[in-house]
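All remarks here apply to the structure that follows.
Protein chains in written order, with this note's numbering: chain A, 1 to 392; chain Y, 393 to 539.
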């Protein structure tokens with residue numbers, strides 16, 4: 001099945017684009033600036049970066065502006081831009097323990113080493129509309145009068161390491177691959193390695209990742225984890241300096257991270273925890289937690305539930321794939337549809353003709369309808385014919 | 393990341409420096425009209441961020457980060473810089489600044505002082521950020537006894 005090109009007036013397409021731009025600029029106020037988007041709507045730009053698999057806060061703000069707030073469209077713009085760039089290199093692999101965390105909560109351990117640090121969040125407040133924001137003029141810093149204690153910034157002990165010290169987590173085997181799979185350069189094939197699963201989930205569409213993770217919690221799966229910790233912070237992007245060979249930091253990359261513990265009963269002689277892991281660009285805890293559930297679910301290697309089926313999950317979580325396939329349906333399908341119409345009309349005409357023939361000619365001696373014999377031997381059935389004409 | 397006269401430390405300081413500040417420093421260096429050749433044009437490129445998953449300790453590709461590298465030769469000295477994001481001017485300026493300090497340019501000490509301020513600002517900013525977060529540290533109490 002193939003696609004059939006159509007053409008239309010370029011000028012008219014330009015007019016439609018102009019109307020779209022007019023919507024963005026329709027208000028009498030000055031256009032929102034990229035600086036404002038980057039600084040004040042960080043969640044939006046973070047989601048676009050996360051789903052693009054591309055960390056570039058300023059470009060993400062520009063993409064969000066161009067897409068008029070449509071995060072998937074913005075992610076598409078970022079991926080398109082990314083496709084024009086060369087790869088300098090891979091970074092030096094960074095340990096999550098190197099994260100400079102500004103928020104860390106552990107739902108599993110009340111007295112987690114390093115403490116529960118709420119950081120910037122509205123998690124524990126009521127979700128009520130704040131009408132005062134409508135008339136907000138000069139922004140005041142609500143933390144201006146805080147009496148802060150001097151403290152040397154430090155990294156926080158990873159909860160997995162705490163459990164590992166108690167022998168509750170198995171010591172990992174040495175990974176049997178030198179370099180992780182890169183799904184931006186190699187197609188994902190099944191069965192799939194866990195590193196590829198993590199990469200694909202990390203750039204999955206937030207809604208899709210959340211929905212599939214939620215499905216496991218709603219009974220369509222076995223994983224109902226306890227979160228060991230949720231962290232928000234910055235990971236260093238480290239490369240080898242081309243002159244000195246030293247490991248040097250280029251940038252701090254904002255990330256959200258989640259780890260979940262899942263009891264494993266298979267090893268009854270040595271009960272330990274299984275784990276799920278989630279990490280994504282920018283502030284997007286919802287996605288990181290959902291990724292954690294899906295990672296743990298996929299490790300069960302079952303096809304019984306959607307969230308446990310790697311092929312199902314990875315086939316549907318990518319925003320670009322789903323965006324493209326769903327939205328292409330609104331593009332012209334005139335030739336395809338005309339073909340379907342022709343076939344349906346032909347079927348209807350044949351049936352009318354068959355009815356007339358039935359009335360005119362008695363059935364064959366063996367009781368078989370001659371028209372059915374011809375159809376079943378020389379042509380596909382009517383239903384098969386209609387389905388085969390779909391060009392998608 | 394503290395010593396601007398150390399090539400690796402200087403790389404980090406330049407990467408963390410404001411682009412406009414780098415441009416001003418580079419312009420001061422170029423005011424003497426030294427021989428300059430661009431070995432690598434400043435062009436946005438990608439670095440794949442690899443992270444070690446903490447349970448199996450297995451590295452995976454989190455995603456790509458946009459950076460802009462540049463390399464120059466200033467007189468007999470090479471300079472290299474890489475800055476976050478798409479910022480060609482900052483990258484080229486950073487490479488010039490790097491070469492100037494490496495070659496002992498007459499402004500090298502001034503540049504080192506300015507880069508030292510970057511380190512101080514960054515340290516203070518991070519300390520402030522950490523102190524603000526620590527200000528929200530909480531001890532959750534279970535309420536079993538109250539029920």
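C-beta atoms are modelled at their ideal positions from N, C-alpha and C, and glycine is treated no differently.
Item                                                                                                                         : Value
Outcome for residue 254 (chain A) when other beta-carbon atoms lying within 10 angstroms are tallied against a minimum of 16 : buried
Below-8 Å beta-carbon distance, residue 476 (chain Y) vs any chain A residue                                                 : yes
For residue 400 (chain A): DSSP bridge partner residues                                                                      : Any property of residue 400 (chain A) remains undetermined from this structure, which presents chain A solely from 1 to 392.
Start-to-end residues for the alpha helix (DSSP H) that takes in residue 159 (chain A)                                       : 159 to 165
The beta strand (DSSP E) enclosing residue 437 (chain Y), as first and last residue numbers                                  : 437 to 445
Contacts of residue 246 (chain A) in chain Y (Cβ-Cβ under 7 Å)                                                               : 400
Cβ neighbours of residue 164 (chain A) in the same chain (closer than 6 Å, five flanking residues each side left out)        : none
Chain Y contact for residue 333 (chain A) (CB, 8 Å cutoff)                                                                   : no
Residue-level contact to chain A via CB, residue 446 (chain Y), 8 Å cutoff                                                   : yes
6 Å Cβ shell around residue 434 (chain Y) - same chain, five flanking residues per side excluded                             : 460, 462, 480, 483, 484
CB-CB length for residue 314 (chain A) against residue 186 (chain A), believed under 8 Å                                     : Incorrect: roughly 13 Å between the Cβ atoms, too far for contact.
Any C-beta of chain Y under 8 Å from that of residue 371 (chain A)                                                           : Its pLDDT being 41, under 50, residue 371 (chain A) is placed unreliably by the model, and nothing is read from it.
Short CB-CB distance (under 8 Å) between residue 481 (chain Y) and chain A                                                   : no
Option nearest residue 84 (chain A) by Cα separation, candidates Y:412, Y:422, Y:438                                         : Y:438
Amino acids of chain Y, ordered along the chain, whose beta-carbon sits closer than 9 Å to that of residue 284 (chain A)     : Neighbours of residue 284 (chain A) on chain Y: none; closest Cβ ~12 Å, over 9 Å.
Residue 298 (chain A) vs residue 230 (chain A) beta-carbon contact at 8 Å                                                    : no
Integer Cβ distance of residue 65 (chain A) from residue 92 (chain A), believed to fall under 8 Å                            : Residue 65 (chain A) to residue 92 (chain A), Cβ: 33 Å. No contact.
Whether residue 318 (chain A) touches residue 213 (chain A) by CB criterion (8 Å)                                            : no
Closest residue to residue 467 (chain Y) among Y:454, Y:489, Y:501 (Cα-Cα distance)                                          : Y:489
Reduced DSSP secondary structure (H/G/I, E/B, other) of residue 372 (chain A)                                                : Per-residue confidence for residue 372 (chain A) stands at a pLDDT of 44, beneath the threshold of 50, marking its modelled position as unreliable; the derived number appears in the next sentence. In the structure shown, residue 372 (chain A) sits in a helix (DSSP, three-state: H, G or I).
CB of residue 235 (chain A) within 8 Å of CB of residue 94 (chain A), strictly                                               : yes
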